[in-house]
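Novice: One structure is given below, represented as structure tokens, and several questions about it will come after.
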Amino acid sequence: MDPTVNFPHDPRELDLGARHHWCQRLVAQQRSWLTRMCSLAEPKPAADFPAFLLATPPFTALASRLAVAVTRSDLPTATQDEVDRFVDAFGDYLRTKKGEDVFDRNARRAG
């Protein structure tokens with residue numbers, strides 16, 4: 078059974094407790110993806126970066142593009158940029174929910 082079957086479409090919907098729960102539930106994926114992200118992202122993500130998100134349905138497409146890469150130079154420039162945006166956007170995911178509305182598409186359209 079897929080351990081991410083009940084993961085929400087928008088990972089920002091989860092409260093901090095649920096985020097930590099998912100990180101623990103996907104601990105093997107967290108370790109594996111965090112190691113890989115340290116080779117793929119600039120700057121390298123912090124030790125508490127939620128790399129496990131790459132094992133969840135919302136990030137399936139990005140994870141598949143990263144699957145064949147060993148180093149950053151193995152990625153097309155557009156994917157490198159996407160990785161860096163991903164690390165920037167979710168860097169505080171396990172620390173706070175403050176400021177996440179910046180990524181809300183509706184808020185950007187209204188402003």
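Each residue of the sequence shown is one higher than the one before, counting from 78 in my numbering.
Ideal Cβ placement from N, Cα and C applies to all residues, glycine included.
Since the structure is predicted, the reported quantities are computational estimates derived from the model, not experimental observations.
Taking the alpha-carbon positions, what's the A140 to V160 distance?
Specialist: Roughly 10 Å separates the two Cα atoms.
Novice: With 16 as the cutoff for other CB atoms within 10 Å, does L93 come out buried or exposed?
Specialist: Label assigned to L93: exposed.
Novice: Looking only at C-alpha atoms, which of H97, P120, V82 sits nearest to A166?
Specialist: Nearest option by C-alpha distance: P120.
Novice: Look at the alpha carbon of K174 and the alpha carbon of A146, and state the distance between them as a whole number of angstroms.
Specialist: Distance between the alpha carbons of K174 and A146 is about 31 Å.
Novice: Put A184 into one of helix, strand or coil per three-state DSSP.
Specialist: Summary for A184: the model assigns pLDDT 41, below 50, so the residue's position carries little reliability; its value from the coordinates is reported in the next sentence. Looking at A184 - three-state DSSP - the assignment turns out to be helix.
Novice: Using the rule of at least 16 other Cβ atoms within 10 Å of the residue's Cβ for burial, across every protein chain shown, is V164 buried or exposed?
Specialist: That one is buried.
Novice: Would you identify the three-state DSSP class for T137, choosing helix, strand or coil?
Specialist: Three-state result, T137: helix.
Novice: Do you know how far the Cα of S150 is from the Cα of P80?
Specialist: Taking the straight line from one Cα to the other gives about 31 Å.
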